[in-house]
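Numbering (this note's numbering), first residue to last: 23 to 254. Contents: one structure, followed by commentary.
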């Protein structure tokens with residue numbers, strides 16, 4: 023093989039090797055991207071942008087309790103705007119907004135306001151299980167003092183894994199097990215046969231008679247589930 027042909031073969035090999043490596047890396051990256059949390063819902067109206075909007079439900083799908091709404095609000099304008107309300111169409115309850123300690127619900131000019139998470143403002147919906155389902159995209163409307171209504175569909179996720187720190191601050195405890203009411207005791211024990219001892223004894227129950235219909239041992243006084251509160 024001449025030196026020119028040899029140089030050409032080496033050059034072709036040098037080009038082919040990086041291309042093969044890039045193809046391999048591309049396949050690997052595609053596989054890894056399947057494990058990366060996808061971007062969340064975002065939209066913009068005028069100078070207001072709503073990003074990373076989520077509706078976060080209780081970690082237990084069977085639990086009935088408050089839902090949290092999480093989002094980051096950006097204001098690219100020259101004037102501050104106040105977040106006046108958040109609504110979830112179809113929900114029976116209104117969303118309760120609370121500013122972070124010592125702060126307000128204002129989105130400063132060229133600034134942002136974070137809703138959800140520790141030490142941030144919060145947005146809680148007392149109940150919404152009848153319309154909110156994990157895995158769905160739920161319509162949520164943010165209303166601002168100047169821009170007005172900004173709506174988008176926020177992903178609905180349970181407060182597990184990554185989303186635990188953004189989820190509802192109130193997690194209902196599991197209901198205590200309750201015993202079924204005991205059958206009403208008969209007013210008196212079976213009457214003894216004539217001639218047997220006690221045939222003439224009074225059948226009135228004593229105050230401490232255990233057959234007086236008292237609840238079975240282990241029954242709880244109430245079956246209401248208690249709720250434990252934790253601050254954001």
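Just so it is clear, CB atoms sit at the ideal spot from N, CA and C, and this is done for glycine as well.
Span separating the alpha-carbon of residue i from that of residue j
{"i": "residue 158", "j": "residue 130", "result": "31 Å"}
{"i": "residue 107", "j": "residue 132", "result": "21 Å"}
{"i": "residue 67", "j": "residue 153", "result": "26 Å"}
{"i": "residue 86", "j": "residue 100", "result": "42 Å"}
{"i": "residue 181", "j": "residue 79", "result": "6 Å"}
{"i": "residue 16", "j": "residue 135", "result": "Given that the chain is displayed from residue 23 to residue 254, the structure contains no residue 16 and the question cannot be resolved."}
{"i": "residue 65", "j": "residue 155", "result": "22 Å"}
{"i": "residue 115", "j": "residue 174", "result": "19 Å"}
{"i": "residue 165", "j": "residue 138", "result": "17 Å"}
{"i": "residue 72", "j": "residue 93", "result": "7 Å"}
{"i": "residue 119", "j": "residue 140", "result": "15 Å"}
Under 8 Å between C-beta atoms of residue i and residue j
{"i": "residue 91", "j": "residue 148", "result": "no"}
{"i": "residue 104", "j": "residue 89", "result": "no"}
{"i": "residue 176", "j": "residue 102", "result": "no"}
{"i": "residue 179", "j": "residue 76", "result": "yes"}
{"i": "residue 110", "j": "residue 160", "result": "yes"}
Environment of residue i [buried if 16+ CB atoms lie within 10 Å]
{"i": "residue 142", "result": "buried"}
{"i": "residue 83", "result": "exposed"}
{"i": "residue 97", "result": "buried"}
{"i": "residue 113", "result": "buried"}
{"i": "residue 171", "result": "exposed"}
{"i": "residue 124", "result": "exposed"}
{"i": "residue 168", "result": "exposed"}
Range of the contiguous beta strand (DSSP E) that encloses residue i
{"i": "residue 66", "result": "63-67"}
{"i": "residue 119", "result": "117-120"}
{"i": "residue 133", "result": "133-137"}
For the stretch 146-186, which segments carrying the beta strand (DSSP E) assignment without a break, of at least 3 residues, lie completely within its bounds, in sequence order?
159-166, 170-180
To test your reading of the DSSP string, which unbroken beta strand (DSSP E) runs of 3 or more residues are found completely within the stretch 76-110?
Whole beta strand (DSSP E) segments, 3+ residues: 89-97, 103-109.
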